[in-house]
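Here the structure comes first, spelled out in structure tokens, and everything after it is commentary.
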Amino acid sequence: MDIRTFTQDVNEYEEENTSTKSPNKLVQTIFTDQRKTKANDELLAENKKTYELDFIERDKKDIETKIDNYGKAIKLEDQNGKTVFEKVKELKDEMKYQTEAEKTETQSKISSLESKIKS
Numbered sequence: 001m002d003i004r005t006f007t008q009d010v011n012e013y014e015e016e017n018t019s020t021k022s023p024n025k026l027v028q029t030i031f032t033d034q035r036k037t038k039a040n041d042e043l044l045a046e047n048k049k050t051y052e053l054d055f056i057e058r059d060k061k062d063i064e065t066k067i068d069n070y071g072k073a074i075k076l077e078d079q080n081g082k083t084v085f086e087k088v089k090e091l092k093d094e095m096k097y098q099t100e101a102e103k104t105e106t107q108s109k110i111s112s113l114e115s116k117i118k119s
């Protein structure tokens, strides 16, 4: 088993071969972060049930906001659908008074609008 001993420079290291010394020895390297952190004295340790209730309340609020957003999106899509249907109806009414070339063009517009509705 090879052990790397790091020197002051992180990129430099010395290798030792420990297989001759003790082949069954387990070598572990532990890296720790030793920076100082500030403690918040205002935090209180609560029991498990209190934390569970807190997380459930937070999840409930998140879900309620998502439901509100989906409701708004549905209303917006409904309005867009109504607008497209009105436009299609207007184009079909205009087709009565158009020439064949204009009817073909209008029909392609109607088809594209109907495909928007389906997607």
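Everything in the sequence shown is counted per the UniProt record's numbering, starting at 1 for the first residue and increasing by one.
By construction, the Cβ of each residue, glycine as well, lies at the ideal position given by its N, Cα and C atoms.
All figures in this text were calculated on a predicted structure; none of them were measured in a lab.
- Under the three-state reduction of DSSP, residue 47 is assigned to coil, being neither helix nor strand.
- For residue 31, the three-state secondary structure derived from DSSP is coil.
- Taking a contact to require three or more Cβ pairs closer than 8 Å, the region 79-94 and the region 109-118 qualify as touching.
- The DSSP-derived three-state label of residue 107 is helix.
- Residue 61 carries a helical assignment under DSSP once its states are collapsed to helix, strand and coil.
- Taken through DSSP and simplified to helix, strand or coil, residue 86 comes out as helix.
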